[in-house]
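Undergrad: Quick one: this structure, given as structure tokens, is what I'll be asking you about.
Numbering (this note's numbering), first residue to last: 82 to 290.
Here it is, written out as structure tokens:
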């Protein structure tokens, strides 16, 4: 089973901030944690507003978040990394390209997309980086599933329109949990790896979270 890539941020600049929906962004992050953590590896490039949300969501799910995710950061942003980074054991710092922000982000994204096999990507909120990451991700993984959650606003709304993506008709507009279970092909009954050192005989937790 491949990993899930998360591309997300809370928009802070126009035009992406005009329809920013922070509550829906948080709800989508919580839903992603509920569906994915402990069942698939979750990989993302850390964002100051998203990393704390994901850490909190991981706590709520009850999964050992230090082993359930892999977080990539460019060394260019070392001075402004979220404090919550210390809670994630799998943090990979990628060398910057001088002081060039765009080139440094590109190197970080290339490192992410070649770090493992991916089966899907989820896009939430965000600004132009959402569009850049989708373009590069699909170059590396053209057959992967892409789920842009348009209700979160920002660049993801544009991405969903560009892709002609529509959620299933039988889902409520904000039922992100059902959307992600169906879109990612994960069963609610699928067991989680709660901890790296506390699994059952098949390496999974005894209970279903």
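For each residue, glycine too, the CB sits at the ideal point set by N, CA and C.
Please state the DSSP three-state secondary structure of residue 110.
TA: Reduced to three states, the DSSP call for residue 110 is helix.
Undergrad: Hey, is the segment 254-264 in contact with the segment 99-116, meaning 3+ C-beta pairs nearer than 8 Å?
TA: Enough Cβ pairs lie closer than 8 Å, so yes.
Undergrad: Mapping the DSSP letters down to three states, classify residue 116 as helix, strand or coil.
TA: Note: residue 116 maps to helix in three-state DSSP.
Undergrad: Quick test of your reading: residue 234 and residue 206, contact by CB under 8 Å. State the CB separation rounded to the nearest angstrom.
TA: Right, the Cβ-Cβ distance comes to about 6 Å (below 8 Å), so this counts as a contact.
Undergrad: Please report the straight-line C-alpha distance between residue 151 and residue 97, rounded to a whole angstrom.
TA: In a straight line, the C-alpha of residue 151 is about 27 Å away from that of residue 97.
Undergrad: According to the neighbour-count rule (16 or more other Cβ atoms, all chains shown, within 10 Å of its Cβ), is residue 120 buried or exposed?
TA: Buried, by the Cβ-count rule.
Undergrad: Less than 8 Å separating the beta-carbons of residue 87 and residue 125?
TA: Yes.
Undergrad: Do the segment 197-214 and the segment 175-182 meet, that is, are 3 or more Cβ pairs less than 8 Å apart?
TA: The segment 197-214 vs the segment 175-182: no contact.
Undergrad: DSSP state of residue 226, grouped into three classes?
TA: Residue 226: strand per DSSP, three-state reduction.
Undergrad: Assign residue 142 to one of three DSSP states: helix, strand, or coil.
TA: Reduced to three states, the DSSP call for residue 142 is helix.
Undergrad: Do you know offhand how far residue 232's Cα is from residue 274's?
TA: Those two C-alpha atoms are separated by around 30 Å.
Undergrad: May I ask you to report which of helix, strand or coil DSSP gives residue 185?
TA: DSSP places residue 185 in helix when its eight states are reduced to three.
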